[in-house]
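S.K.:
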Amino acid sequence: MSRGSDPPLMQRPLSERVTVVEGDITEQHVDAIVNAANESLLGGGGVDGAIHRAAGPGLLAECRRLGGCQPGDAKITAGYNLPARFVIHTVGPVWQGGTHGEDDLLASCYTRSLELAEARGIRTIAFPAISTGAFGFPLPRATVIAVRTVLSFLSRSDSISQVIFVCHGKRAFDLYLDAVCELAGEYATPTGLHPPAPTTQGTGRGVLQEQVRAQLGTIEEVWGVRFVDKERLARTIGERCGDRWGADSVTAGLNSWVAVLGKKGDIEVPPGVLDRILDGTRQRFSHR
Ligand code: APR
Numbered sequence: 009m010s011r012g013s014d015p016p017l018m019q020r021p022l023s024e025r026v027t028v029v030e031g032d033i034t035e036q037h038v039d040a041i042v043n044a045a046n047e048s049l050l051g052g053g054g055v056d057g058a059i060h061r062a063a064g065p066g067l068l069a070e071c072r073r074l075g076g077c078q079p080g081d082a083k084i085t086a087g088y089n090l091p092a093r094f095v096i097h098t099v100g101p102v103w104q105g106g107t108h109g110e111d112d113l114l115a116s117c118y119t120r121s122l123e124l125a126e127a128r129g130i131r132t133i134a135f136p137a138i139s140t141g142a143f144g145f146p147l148p149r150a151t152v153i154a155v156r157t158v159l160s161f162l163s164r165s166d167s168i169s170q171v172i173f174v175c176h177g178k179r180a181f182d183l184y185l186d187a188v189c190e191l192a193g194e195y196a197t198p199t200g201l202h203p204p205a206p207t208t209q210g211t212g213r214g215v216l217q218e219q220v221r222a223q224l225g226t227i228e229e230v231w232g233v234r235f236v237d238k239e240r241l242a243r244t245i246g247e248r249c250g251d252r253w254g255a256d257s258v259t260a261g262l263n264s265w266v267a268v269l270g271k272k273g274d275i276e277v278p279p280g281v282l283d284r285i286l287d288g289t290r291q292r293f294s295h296r
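Counting the sequence shown from 1 gives a position; the numbering used here is that position plus 8.
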């Protein structure tokens with residue numbers, strides 16, 4: 009979803025196309041949700057169980073006809089009673105200590121899911137933290153693999169407009185948000201335009217505030233909200249971040265806060281929330 013005035017999808021920072029929320033993947037209103045399944049595709053516990061419960065019996069009936077799925081691969085079905093139109097079932101690796109190709113298999117789950125989504129014209133997709141529950145993959149390691157793989161795909165393709173990482177619990181949310189903020193700047197957009205590199209003097213204040221204002225406008229468009237204090241936000245972020253890396257990180261944090269807020273229409277960012285996001289960014293970027 010983009011306005012005429014918005015820069016083309018590919019020239020928007022990748023951090024605007026990736027959102028981190030804390031919640032239940034079965035409640036996500038996106039084109040497709042990804043299921044952390046097993047090779048049989050015949051249901052289970054965790055995310056798999058939640059998705060089958062929410063989708064209803066039609067999902068299992070279709071899964072029975074798929075003939076299973078190999079670890080690292082993915083298959084697609086309809087969403088049935090879910091808000092999402094599609095379910096992409098992928099089978100993550102079982103953690104065996106990290107010496108049996110688990111990292112590559114996990115990355116393949118994200119890549120294959122995105123490739124399937126692209127082939128079906130899916131624009132918005134939500135992922136759980138694949139393999140980090142019953143399959144025992146360490147969450148911090150899986151988080152970096154998930155975020156890097158998704159950012160790398162988005163940097164090469166404009167088919168997907170929004171990827172949402174749906175985290176179960178605050179620890180996962182914080183890990184994913186940190187990873188997105190930290191890694192988003194490392195991936196060029198397909199047009200070859202890197203987000204402007206940080207300059208020691210920082211970007212001109214006025215230019216930076218204008219860029220922040222545009223990013224706030226994108227968040228408003230994606231989530232159907234209006235920041236009642238947008239000018240103050242753009243000014244504060246532009247002044248306290250000083251360069252594009254920091255500003256991108258703060259707007260990524262705001263994007264996730266708006267997603268979790270789950271409201272429409274006029275919203276105001278409490279000063280404490282903005283301070284927490286700014287302080288988190290300063291810690292992440294203090295080494296730059
Ligand atoms: N929404 C979002 N995330 C969820 C939800 C939910 N409703 N329920 C659980 N999670 C999180 C868990 O907290 C965990 O971080 O999803 C992550 C993946 O956990 P699992 O569902 O256990 O998936 P995985 O580790 O990949 O193991 C897959 O478990 O359920 C069985 O049939 C499944 O055999 C397969 C195995």
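Virtual Cβ for every residue (Gly too), placed ideally from N, Cα, C.
So, under 8 angstroms CB-CB, D56 and A45 are touching, yes? Tell me the CB distance rounded to an integer number of Å.
M.R.: Their Cβ separation, rounded to whole angstroms, is 5 angstroms, which keeps D56 and A45 in contact under 8 angstroms.
S.K.: Cβ of I133 versus every heavy atom of the ligand APR: is any distance shorter than 7 angstroms?
M.R.: No - the ligand APR has no heavy atom lying nearer than 7 angstroms to the Cβ of I133.
S.K.: Return yes when the Cβ of I33 is within less than 8 angstroms of the Cβ of P136, no when it is not.
M.R.: Result yes, Cβ atoms of P136 and I33 sit closer than 8 angstroms.
S.K.: I'd like to know whether the C-beta atoms of Q78 and T132 end up nearer to each other than 8 angstroms.
M.R.: No, these two residues do not count as a Cβ contact at 8 angstroms.
S.K.: Along the chain, where does the alpha helix (DSSP H) that runs through D182 open and close?
M.R.: Residues K178 to L191.
S.K.: Use the C-beta contact count for D283: other C-beta atoms within 10 angstroms, 16 or more gives buried, fewer gives exposed.
M.R.: When all chains shown are included, D283 counts as exposed.
S.K.: Considering just the uninterrupted stretch of the beta strand (DSSP E) at R234, what are its terminal residues?
M.R.: Residues V233 to F235.
S.K.: Given a cut-off of 8 angstroms on the beta-carbon distance, is the pair A187 and V233 in contact?
M.R.: Result no, Cβ atoms of A187 and V233 do not sit closer than 8 angstroms.
S.K.: Opposite V171 in the DSSP bridges: which residues?
M.R.: According to DSSP, V171 bridges with V26 and I133.
S.K.: Apart from the five residues on each side of it in sequence, which residues of its chain come closer than 8 angstroms, Cβ to Cβ, to Q209?
M.R.: Confidence in Q209 is poor, its pLDDT being 41 and thus under 50, which makes the residue's placement unreliable; the coordinate value appears in the next sentence. Within the same chain, Q209 has no close Cβ partners at all.
S.K.: DSSP three-state call for F161: helix, strand or coil?
M.R.: Correct three-state label for F161: helix.
S.K.: Is it right to say T107 is buried, meaning 16 or more other beta carbons lie within 10 angstroms of its own, or is it exposed?
M.R.: With fewer than 16 Cβ atoms within 10 Å of its Cβ, T107 is classed as exposed.
S.K.: Report the rounded CA-to-CA distance for G87 versus I153, giving the unit in angstroms.
M.R.: Cα to Cα, the separation comes out at about 26 angstroms.
S.K.: Do the CB positions of V230 and E276 come within less than 8 angstroms of each other?
M.R.: No; because the gap between Cβ atoms is not below 8 angstroms, this pair is not in contact.
S.K.: So, under 8 angstroms CB-CB, I96 and E126 are touching, yes? Tell me the CB distance rounded to an integer number of Å.
M.R.: About 11 angstroms separates the two Cβ atoms, so there is no contact after all.
S.K.: Considering only the beta carbon of each residue, do I84 and L124 sit closer than 8 angstroms?
M.R.: Yes, Cβ-Cβ distance for I84 and L124 is below 8 angstroms.
S.K.: With a CB to CB cut of under 6 angstroms and the five nearest residues on each side skipped, what residues in its chain are close to L122?
M.R.: For L122, where only same-chain residues beyond five positions count, the Cβ hits under 6 angstroms are F161.
S.K.: May I ask you to list the residues that DSSP assigns as paired with F143?
M.R.: In DSSP, F143 forms no bridge with anything.
S.K.: I'd like to check one pair, T119 with V42: are the Cβ atoms closer than 8 angstroms?
M.R.: No. Outside cutoff.
S.K.: Between the alpha carbons of P146 and R25, how many angstroms are there, rounded?
M.R.: For P146 and R25, the distance between alpha carbons rounds to 25 angstroms.
S.K.: For E228, collect the residues of the same chain with a Cβ closer than 7 angstroms to its Cβ; drop the 5 residues on either side in sequence, then sort them by chain order.
M.R.: Excluding positions up to five away in sequence, the list reads R234 and F235.
S.K.: Comparing C-alpha positions only, which one of T140, A260 and L191 sits nearest to G225?
M.R.: Ranking T140, A260 and L191 by Cα distance to G225 puts A260 first.
S.K.: With 16 as the cutoff for other CB atoms within 10 Å, does D39 come out buried or exposed?
M.R.: Buried is the call here.
S.K.: Kindly indicate the opening and closing residues of the beta strand (DSSP E) around I96.
M.R.: From DSSP, the beta strand (DSSP E) with I96 extends over F94 to V99.
S.K.: Can you tell me whether G246 is buried or exposed, with buried defined as 16 or more other CB within 10 angstroms of its CB?
M.R.: The residue in question, G246, is buried, as its Cβ has 16 or more Cβ neighbours within 10 Å.
S.K.: Return helix, strand or coil for I153, following the three-state DSSP convention.
M.R.: Note: I153 maps to helix in three-state DSSP.
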